Ligand code: ADP
Ligand code: MG
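The following block contains the structure:
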């Protein structure tokens, strides 16, 4: 099977002059359709920088990125923004919901930014909220939702554009155990649905059981890769580290 996202030899230099930091030192990573990959590593190891590059928010200093059939490197900033809007959904630790909009309106705002016709937005938003089991909270404002519910709205918002890749930066960090588990279960379900590739940055060990693959990063380099779960039809050997 073809990876849905393929990053090769990504180098990222941040800052300039004496403050220059080589945040990524040649990182290669693939996301497979239908799989949830966890990216784990200590604070400052380059996780957020890598996620920003994979999501076409930052351009790499060196290396190449492909999402689906599209080469993301060498594009103009408009080209990158377009690729991001069409293919990438983001989920953040702090939810990033607009407080003055209801759950459904938050999802519809994301659709509006993507240029979805206004007449289609309510139906798409309703479906996305159904997928995260929050249809009954569609008209609630974020202040009336629990942390877990807010994160599920954020996942609905990321799903609404039918992205092929979802990138989540520490999505469970602000949640208690039960809500964290619910969010991870939802993300792994969403990966299986329609063959999306999902990357979750975390240092929350409670998330491990939801991963198909595990990638470890330290000091801007990948230091370990493991397959956590065999795909149906794979031999036993595929479950071992590779
Ligand atoms: P993580 O998400 O794993 O905690 P980051 O990707 O945020 O790590 O940061 C990786 C490294 O790059 C760290 O050393 C951080 O201090 C540095 N860094 C992050 N953003 C910038 C920036 N805008 N300018 C300079 N250095 C930065
Ligand atoms: Mg980070």
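Residue numbers (the numbering used here): 11 to 252.
For every residue, glycine included, the Cβ atom is placed at its ideal position computed from N, Cα and C.
None of these values were measured; they are calculated from a predicted model.
For the alpha helix (DSSP H) that contains residue i, what are its first and last residues?
i           : result
residue 202 : 187-202
residue 227 : Run containing residue 227: none in the alpha helix (DSSP H); it sits in the beta strand (DSSP E), 223-228.
residue 88  : 87-97
residue 60  : 57-64
Answer yes or no: do residue i and residue j have a C-beta to C-beta separation smaller than 9 Å?
i           : j           : result
residue 160 : residue 107 : yes
residue 216 : residue 237 : no
residue 22  : residue 39  : no
residue 168 : residue 233 : no
residue 195 : residue 170 : no
residue 185 : residue 157 : yes
residue 98  : residue 64  : yes
residue 175 : residue 68  : no
residue 198 : residue 183 : no
residue 148 : residue 135 : yes
residue 90  : residue 66  : yes
residue 203 : residue 103 : no
residue 201 : residue 88  : no
residue 56  : residue 229 : yes
residue 58  : residue 225 : no
Under the assumption that residue i contacts residue j (Cβ atoms under 8 Å), give the Cβ distance between them as a whole number of angstroms.
i           : j           : result
residue 37  : residue 60  : 6 Å
residue 181 : residue 152 : With a Cβ gap of about 16 Å, residue 181 and residue 152 do not count as contacting.
residue 43  : residue 205 : 3 Å
residue 20  : residue 73  : 4 Å
For residue i, tell me which candidate among the options has the shortest Cα-Cα distance.
i           : options            : result
residue 155 : 112, 138, 134      : 112
residue 209 : 14, 20, 41         : 41
residue 5   : 230, 212, 233      : What is shown of the chain runs 11 to 252, which leaves residue 5 out entirely.
residue 235 : 51, 193, 169       : 51
residue 70  : 135, 79, 85        : 85
residue 125 : 183, 166, 96       : 96
residue 166 : 191, 152, 116      : 116
residue 178 : 78, 152, 207       : 207
residue 105 : 58, 162, 83        : 162
residue 83  : 114, 18, 214       : 18
residue 191 : 205, 214, 173, 172 : 214
residue 219 : 231, 227, 239      : 239
residue 144 : 187, 76, 114       : 114
residue 164 : 53, 121, 188, 76   : 121
If I follow the unbroken beta strand (DSSP E) through residue i, where does it start and stop?
i           : result
residue 293 : The question about residue 293 has no answer, for the chain in this structure spans 11 to 252.
residue 22  : 15-24
residue 176 : 175-179
residue 38  : 31-41
residue 50  : 46-50
residue 74  : 72-77
residue 232 : 231-237
(request) Could you name each continuous alpha helix (DSSP H) segment of 4 residues or more that falls completely within the segment 120-167, going from the start of the chain to the end? (result) 131-141
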